[in-house]
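Using my numbering, the letters of the sequence shown correspond one by one to residues 395 to 532. Here the structure is laid out as structure tokens; the discussion comes afterwards.
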Amino acid sequence: MAEGDVEFIVDCSSTHPGQIVFVVGSHEILGSWNPQRALPLCTAAESFPTWSSAVVPLPAGKPLEFKFVIQNADRLGRVKWEGFDGNRCLTPAADHILTARGVWGNSETVLLRPGSAPSPTTGPNVLSDHGPSAAIHG
């Protein structure tokens with residue numbers, strides 16, 4: 395199966411020292427909904443509160459669902475899930491890098507491809523791809 399690369403970015407100022415943001419979701423690279431196996435995001439003093447993941451390969455053309463969670467860096471203890479109904483969604487595209495950008499606790503996910511500008515569309519948890527970028531509103 396062809397792969398599409400995805401980078402996850404979230405603005406989140408709700409962490410405390412020793413905690414980090416992870417992305418967890420319906421694919422094994424995202425932990426198969428198990429926060430203990432979720433993909434960690436990173437930040438730095440200069441970029442906080444923006445957290446970002448490494449670019450990861452995911453199956454192209456296969457829709458996947460995900461959420462951001464906050465947990466201790468050692469993955470022990472309480473997990474704080476984003477507090478909205480439903481999940482974020484995206485469908486990777488073959489041979490493209492897709493950036494999924496969101497704000498902690500807000501279900502809107504803006505999907506960007508390099509060189510594109512966001513072009514939000516509406517509809518609950520529906521991915522509408524009209525051109526180089528799309529967004530999901532939930």
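Ideal placement from N, C-alpha and C gives every residue a C-beta, glycine not left out.
Problem set entry | Pick from 506, 505, 399, 500 that is closest to residue 448, judged by C-alpha positions | Locating residue 448 in the sequence shown gives position 54, where the first residue counts as 1. Of the candidates 506, 505, 399, 500, the residue whose Cα lies closest to the Cα of residue 448 is 399.
Problem set entry | Segment limits, beta strand (DSSP E) that includes residue 457 | Mapped onto the sequence shown, residue 457 falls at position 63. Counted as a single uninterrupted DSSP element, the stretch harbouring residue 457 is not any beta strand (DSSP E), since DSSP gives it neither H nor E.
Exercise. Where residue 461 and residue 427 are concerned, what is the direct C-alpha to C-alpha distance, given to the nearest angstrom?
Worked result: In the sequence shown, residue 461 corresponds to position 67, counting from 1. In the sequence shown, residue 427 corresponds to position 33, counting from 1. Residue 461 and residue 427: Cα-Cα distance of roughly 9 Å.
Problem set entry | Assumed close pair residue 423, residue 450 - CB separation to whole angstroms, cut-off 8 Å | As a first step, residue 423 is located in the sequence shown; it is residue number 29 there, counting from the start. As a first step, residue 450 is located in the sequence shown; it is residue number 56 there, counting from the start. Confirmed, about 5 Å.
Exercise. With C-beta atoms as the reference, is residue 443 less than 9 Å away from residue 437?
Worked result: Taking the first residue of the sequence shown as position 1, residue 443 is located at position 49. Taking the first residue of the sequence shown as position 1, residue 437 is located at position 43. Taking 9 Å as the Cβ cut-off, residue 443 and residue 437 qualify as a contacting pair.
Exercise. If we call anything under 9 Å between Cβ atoms a contact, is residue 401 one with residue 454?
Worked result: Residue 401 sits at position 7 when you count from the first residue of the sequence shown. Residue 454 sits at position 60 when you count from the first residue of the sequence shown. Contact: no.
Exercise. Since residue 464 sits in a beta bridge, which residues does DSSP pair it with?
Worked result: The residue you call residue 464 lines up with position 70 of the sequence shown. The partner list for residue 464 (beta bridge, DSSP) reads 415, 474.
Problem set entry | Selected residue, minimal CA-CA separation from residue 452, among 479, 487, 501 | Indexing the sequence shown from 1 puts residue 452 at position 58. If we check each option's Cα against that of residue 452, 487 comes out closest.
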